[in-house]
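Heads up: the sequence shown runs through residues 1 to 190, numbered per the numbering used here.
From the three backbone atoms N, C-alpha and C, an ideal C-beta is built for every residue, glycine too.
What follows is one structure encoded as structure tokens, with my remarks underneath.
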Amino acid sequence: MNKKEVVKEILKELHKGVSIDVLKEKFSDVLKSISPMEIPLIEQELVKEGIPIQEILKLCDLHVALFRDFLVSRELSNIPKGHPLELLLKENEYLLKGAEALNIYAMALTKAFGDDERKSLYSSIRDVLNDLRKIRIHYRKIQMLIFPYLERRGITAVPRVLWGREDEVIVKMRSLFRLMDSMDYQEISK
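If you want it as structure tokens, here you go:
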């Protein structure tokens, strides 16, 4: 079974009400082999095949859960509950899920037919974007809590690279906000 077929099977199981924990256990080996770069491509194929957006969005929880388990088990297994790093990881998961949802809604908008469907997708994109405005606060926390710790230990390249990446993300987000503010749902879906 190829990766896309596995994702379809997971969607069917999610639709039947199977829990994320059960699916993680059942499909973890295959899901670990799916790179973060492949996920949007598979999702795009599923949208083209007519899989409802709501079903694909359910995968976000599974992706985030697998990603978290993979990282935490290897790198950050001893973080106490309530520690600032735990909060940052949870915020990061939330932002990743939002970015994935934004991608899915945007793909669906390009394929939408009726005005009602376009309006609904446009509204969903706006909601996700408004929620993603919090990314700046998240980055500020990382800059204030983690970067000084790394720099005091002589690790300066990582903060500089991440700072540059964060700046790029903020610039792209601002451009996206301006685009959404300057166009309505009919113009964007063309």
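Once the 5 residues before and after residue i are set aside, which same chain residues still bring their CB inside 8 Å of it?
i, result
"Phe-147", "Pro-159, Leu-162 and Trp-163"
"Pro-80", "Glu-86"
"Glu-38", "Lys-3"
Among the options, whose alpha-carbon lies nearest the alpha-carbon of residue i?
i, options, result
"Tyr-94", "Pro-52, Phe-113, Ala-112 and His-138", "His-138"
"Arg-126", "Ile-51, Asn-2, Val-47 and Gly-98", "Gly-98"
"Ala-106", "Leu-129, Gly-17, Asn-92 and Arg-133", "Leu-129"
"Glu-166", "Asn-92, Leu-23 and Gly-82", "Asn-92"
"Lys-48", "Thr-110, Asp-29 and Glu-168", "Thr-110"
"Met-173", "Asp-181, Ala-157, Arg-140 and Arg-133", "Arg-133"
"Lys-90", "Thr-156, Lys-141 and Val-22", "Lys-141"
"Ala-112", "Leu-96, Val-22, Leu-31 and Pro-52", "Pro-52"
"Ser-182", "Ile-135, Gly-82, Tyr-122 and Leu-57", "Tyr-122"
"Leu-57", "Arg-136, Lys-32, Ser-175 and Ser-124", "Ser-124"
"Glu-168", "Ile-135, Arg-153 and Asp-184", "Ile-135"
"Asp-115", "Ile-20, Asn-78, Glu-13 and Asp-184", "Asp-184"
"Leu-96", "Asn-78, Gly-82 and Asp-131", "Asp-131"
Please list, in chain order, all residues of the same chain as residue i whose beta carbon is under 6 Å from its beta carbon, the five residues on each side excluded.
i, result
"Leu-11", "Glu-55"
"Lys-3", "Ile-34"
"Leu-145", "Pro-84"
"Leu-71", "Low local confidence applies: a pLDDT of 48 at Leu-71 is under 50, so the model's placement there is unreliable, and no value is given."
"Leu-102", "Val-128"
"Glu-9", "none"
"Lys-26", "none"
Count the other CB atoms within 10 Å of the CB of residue i; is the residue buried (16 or more) or exposed (fewer)?
i, result
"Val-7", "buried"
"Arg-74", "Low local confidence applies: a pLDDT of 46 at Arg-74 is under 50, so the model's placement there is unreliable, and no value is given."
"Leu-179", "exposed"
"Tyr-149", "exposed"
"Ile-42", "buried"
"Ser-28", "exposed"
"Ile-104", "buried"
"Ile-170", "exposed"
"Arg-118", "buried"
"Ile-155", "exposed"
"Glu-100", "buried"
Sorted by chain position, which residues of the same chain lie with C-beta nearer than 7 Å to residue i's C-beta, five sequence neighbours on each side aside?
i, result
"Glu-151", "Pro-159"
"His-15", "Glu-55"
"Ala-108", "Val-47, Ile-53 and Leu-121"
"Phe-177", "Leu-129"
Can you find a heavy atom of the ligand FAD that lies under 7 Å from the Cβ of residue i?
i, result
"Gly-17", "Ligands are entirely absent from the displayed structure, and the ligand FAD is therefore not among its contents."
### Query
Unbroken alpha helix (DSSP H) runs of length 4 or more, entirely within the region 104-181: which are they?
List check, alpha helix (DSSP H) in window: 115-132, 135-145 and 147-152.
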